[in-house]
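Asks: Numbering (the working numbering), first residue to last: 310 to 869.
Got a structure here, written out as structure tokens. Questions coming.
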């Protein structure tokens, strides 16, 4: 029989979860009791802990296996009844959400820093998802943080040994209490669910070709993240693609030295491959599998806002939504408003929420939301409570197979009907946190001062007045909770927007994000380059925010 020990500890400063959990450098997590403190704080906020079931998994980055071992020991010491763990500690974030919901567990602990780099000198993260499968809401994360500031001890069973490399069930007796660890196939449950959602036979026919149609050639890039095993089982074993249609599908602790963020900067080599090769479709996913990038033939880039809007207009052809019906749509506030026009045309509810997937969860649970997305390459639906990269790629392929249209044809058809929302995000990474906070404070004073709304500025040589300027706040329509200071918005009379926001997903310093959006109606020039269309907005954004003064940068680190 194994014994529980209570170990004295002292709090660490700064264990405040951000929009997607606690993210720090690996060396921070390696400090004595740092992981133990945070895991104990997560367990402390759950009143129904005794005998409960939790899901545990991560994206395969450096430290995942060691932290899974720590979680097993601490959960055993705190009366948890059962852990469901992905083999070798691997589970994509969407897969964790599905497992929580399928097994009706208390929640799950996800070990990921998402799209951030991995390896001993880079990032690690721990995120708690609640019983609905979604990221813990602000009330829960605030409580986790409060407990982390007053923690005095943690409970642990130091001698428990559990093999997470082999699928199977291991039972333990912890001071007369049963404790079970079930190691599962990381892919199977998620794969089975995707087969329920999409028309796999139709997609298979598309990818394999037929007597009258050549095969639709795809290139799928897992960026050495957790989606590799999922991609092989889904696209090769089930849908008839070949190994040549996949790249970087072996999860690596350092992601092979790359930045596993599926955008035009960090997935540039995929873009080049699709551009020079005979590919009809390209897709990339981030480290933990919740983000996606979609490309068409010639590496035609689909912005996340256009991806969301096009899927919204075609959602009715996907079997899952044929069964459930199409409800409302939602986007994060910085995301371009392309889907808003689709919602209006379809007569559906449309929600604008703060950045962070947790804000979509209440709407889904209230049965008011079917599809949602963020400009940071996140798209998902109410099938789970996380964004889902592989789901997004399958959704596109289902639409393409049903419509008979290419990616470019779907984009052009959409723009000719709804117009085009030009969009870009400029990231100024690893800046001084104090300087960026001062930028936001000074900017808010400027844009809320008397006379700023109504002031006129030139956008593409046409004078436009500012019609709204604020620091975005949000009241949840379901539980009436309020989120303040979610980003400074400037809106012009022609529909253009400039938005400034400090990111909560980095592990050090601050990342200033500047979002730029300009709308061109369907009878306007929808073929203009994004750079040309947004040039004057970029100039205004740098001037209004005095970005060079506060960041010391003349240009962004990353443009997406």
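All C-beta atoms, glycine included, are put in the ideal place defined by N, C-alpha and C.
Are the CB atoms of residue 824 and residue 686 nearer to each other than 9 Å?
Replies: Indexing the chain shown from 1 puts residue 824 at position 515. Indexing the chain shown from 1 puts residue 686 at position 377. Contact: no.
Asks: Going by C-alpha to C-alpha distance, which of 346, 405, 714 sits closest to residue 323?
Replies: Here residue 323 refers to the residue found at position 14 when the chain shown is read from its first residue. The shortest C-alpha separation from residue 323 is found at 346.
Asks: With distance defined between alpha-carbon atoms, name the residue in 547, 588, 533 nearest to residue 567.
Replies: The count along the chain shown starts at 1 and reaches residue 567 at position 258. The shortest C-alpha separation from residue 567 is found at 533.
Asks: Beta-carbon separation of residue 828 and residue 730 under 9 Å?
Replies: Working through the chain shown from its first residue, we reach residue 828 at position 519. Working through the chain shown from its first residue, we reach residue 730 at position 421. Yes, they are a contact pair.
Asks: Tell me where the beta strand (DSSP E) around residue 463 begins and ends.
Replies: The residue labelled residue 463 in the question sits at position 154 within the chain shown. Residue 463 -> beta strand (DSSP E) spans 462–465.
Asks: Excluding five sequence neighbours on each side, which residues of the same chain lie with their C-beta closer than 6 Å to the C-beta of residue 710?
Replies: As a working note, residue 710 is residue 401 in the chain shown. Cβ neighbours of residue 710 beyond the five flanking positions: 511, 512, 515.
Asks: Quick check on residue 396: does DSSP put it in helix, strand or coil?
Replies: Residue mapping note: residue 396 aligns to position 87 of the chain shown, counting from 1. DSSP places residue 396 in strand when its eight states are reduced to three.
Asks: Beta-carbon separation of residue 544 and residue 529 under 9 Å?
Replies: Residue 544 sits at position 235 when you count from the first residue of the chain shown. Residue 529 sits at position 220 when you count from the first residue of the chain shown. Going by C-beta atoms, residue 544 is nearer than 9 Å to residue 529.
Asks: Which runs of the beta strand (DSSP E), 3 residues or longer, sit entirely within the segment 425–506?
Replies: 432–438, 462–465, 477–483, 486–493
Asks: Rounding to the nearest angstrom, what Cα-Cα distance links residue 446 and residue 337 in this structure?
Replies: Residue mapping note: residue 446 aligns to position 137 of the chain shown, counting from 1. Residue mapping note: residue 337 aligns to position 28 of the chain shown, counting from 1. Rounded to whole angstroms, residue 446 to residue 337 spans 24 Å at the Cα level.
Asks: Tell me where the alpha helix (DSSP H) around residue 415 begins and ends.
Replies: By one-based count along the chain shown, residue 415 stands at place 106. No alpha helix (DSSP H) holds residue 415; DSSP gives it neither H nor E.
Asks: Check whether the segment 539–554 touches the segment 410–421, counting contact only when three or more Cβ pairs, one atom from each stretch, lie closer than 8 Å.
Replies: no
Asks: Our contact map puts residue 393 next to residue 348 with C-beta atoms below 8 Å; I'd like the distance itself, whole angstroms only.
Replies: Mapped onto the chain shown, residue 393 falls at position 84. Mapped onto the chain shown, residue 348 falls at position 39. About 16 Å; that fails the 8 Å criterion.
Asks: Assuming residue 737 and residue 821 make a contact with CB atoms under 8 Å, what is their CB distance in whole Å?
Replies: The residue you call residue 737 lines up with position 428 of the chain shown. The residue you call residue 821 lines up with position 512 of the chain shown. 4 Å between Cβ atoms; contact.
Asks: Kindly indicate which three-state DSSP category residue 354 falls into: helix, strand or coil?
Replies: Position 45 of the chain shown, counting from 1, holds the residue named residue 354. Looking at residue 354 - three-state DSSP - the assignment turns out to be coil, as it is neither helix nor strand.
Asks: Say whether the segment 387–406 touches the segment 489–501, bearing in mind that this needs 3 or more beta-carbon pairs closer than 8 Å, one atom from each stretch.
Replies: yes
Asks: Quick one, which of 386, 454, 409, 724 has its alpha-carbon nearest residue 320's?
Replies: The residue you call residue 320 lines up with position 11 of the chain shown. Nearest of 386, 454, 409, 724 to residue 320, Cα basis: 454.
Asks: With the cut-off set at 9 Å, would you say residue 559 and residue 627 are in Cβ contact?
Replies: In the chain shown, counting from the first residue as 1, residue 559 sits at position 250. In the chain shown, counting from the first residue as 1, residue 627 sits at position 318. Result no, Cβ atoms of residue 559 and residue 627 do not sit closer than 9 Å.
Asks: Span of the beta strand (DSSP E) holding residue 675?
Replies: As a working note, residue 675 is residue 366 in the chain shown. That residue, residue 675, is in no beta strand (DSSP E); it is neither H nor E in DSSP.
Asks: Counting along the chain, where does the beta strand (DSSP E) carrying residue 314 start and finish?
Replies: Position 5 of the chain shown, counting from 1, holds the residue named residue 314. Taken as a continuous stretch (DSSP letters only), the beta strand (DSSP E) holding residue 314 covers 314–317.
Asks: Note down the Cα distance separating residue 312 from residue 464, rounded to an integer number of angstroms.
Replies: Numbered from 1 along the chain shown, position 3 holds the residue referred to as residue 312. Numbered from 1 along the chain shown, position 155 holds the residue referred to as residue 464. So the two alpha carbons sit approximately 10 Å from each other.
Asks: Can you give the Cα-Cα distance for residue 858 and residue 603, rounded to whole angstroms?
Replies: The sequence position of residue 858 within the chain shown is 549, counting from 1. The sequence position of residue 603 within the chain shown is 294, counting from 1. If I take the Cα positions, the gap works out to 35 Å.
Asks: Closer than 6 Å by C-beta to residue 701: which residues in its own chain qualify, once you throw out the five before and the five after it? Chain order, please.
Replies: Taking the chain shown and counting its residues from 1, one reaches residue 701 at position 392. Only 601, 688 meet the Cβ criterion.
Asks: Would the beta-carbon of residue 644 fall within 9 Å of that of residue 614?
Replies: The sequence position of residue 644 within the chain shown is 335, counting from 1. The sequence position of residue 614 within the chain shown is 305, counting from 1. Cβ atoms of residue 644 and residue 614: closer than 9 Å.
Asks: Counting Cβ pairs, one atom from each stretch, are 3 or more of them under 8 Å apart for the segment 576–584 and the segment 740–753?
Replies: no
Asks: Please give the ranges of any beta strand (DSSP E) in the segment 808–861, keeping only runs that are unbroken, at least 3 residues long and fully inside the region.
Replies: 819–829
Asks: Could you tell me whether the segment 667–678 touches the segment 426–444, using the rule of 3 or more Cβ pairs below 8 Å?
Replies: yes
Asks: Evaluate residue 697 with the Cβ neighbour count: other Cβ atoms within 10 Å of its Cβ, from every protein chain shown; 16 or more gives buried, anything less gives exposed.
Replies: Along the chain shown, one-based indexing puts residue 697 at 388. Residue 697 is buried by the Cβ-count criterion.
Asks: Thinking residue 776 and residue 762 are a contact (beta carbons under 8 Å), I'd like their distance in whole angstroms, please.
Replies: On the chain shown, residue 776 is found 467 positions in, with the first residue counted as 1. On the chain shown, residue 762 is found 453 positions in, with the first residue counted as 1. That belief holds up - the Cβ atoms of residue 776 and residue 762 are roughly 7 Å apart, short of 8 Å.
Asks: Exposed or buried, what is residue 681 when buried is set at 16 or more other beta-carbons lying within 10 Å of its beta-carbon?
Replies: Within the chain shown, residue 681 is the residue found at index 372, counting from 1. Buried, by the Cβ-count rule.
Asks: Hey, is the segment 495–502 in contact with the segment 398–411, meaning 3+ C-beta pairs nearer than 8 Å?
Replies: Taking a cut-off of 8 Å on C-beta distances, the segment 495–502 touches the segment 398–411, as three or more cross pairs fall below it.
Asks: Is residue 469 close to chain D? Criterion is C-beta to C-beta, closer than 9 Å.
Replies: Absent here is chain D; the protein component of the structure consists of one chain.
Asks: Near residue 647, what residues of its chain come up, given a Cβ to Cβ distance below 6 Å and the 5 sequence neighbours on each side ignored?
Replies: Locating residue 647 in the chain shown gives position 338, counting from the first residue. Here residue 647 has 614, 615, 618, 730 as same chain residues with Cβ atoms under 6 Å from its own Cβ, once five neighbours each way along the sequence are excluded.
Asks: Could you tell me the alpha carbon to alpha carbon distance between residue 835 and residue 724, rounded to whole angstroms?
Replies: In the chain shown, residue 835 corresponds to position 526, counting from 1. In the chain shown, residue 724 corresponds to position 415, counting from 1. Computed Cα separation, rounded: 7 Å.
Asks: Among 770, 594, 419, whose alpha-carbon lies nearest the alpha-carbon of residue 845?
Replies: One-based indexing of the chain shown puts residue 845 at position 536. It is 770 whose Cα lies nearest to the Cα of residue 845.
Asks: Residue 587: which of 636, 624, 523, 575 sits nearest, CA to CA?
Replies: Here residue 587 refers to the residue found at position 278 when the chain shown is read from its first residue. Minimum Cα distance to residue 587 is reached at 523.
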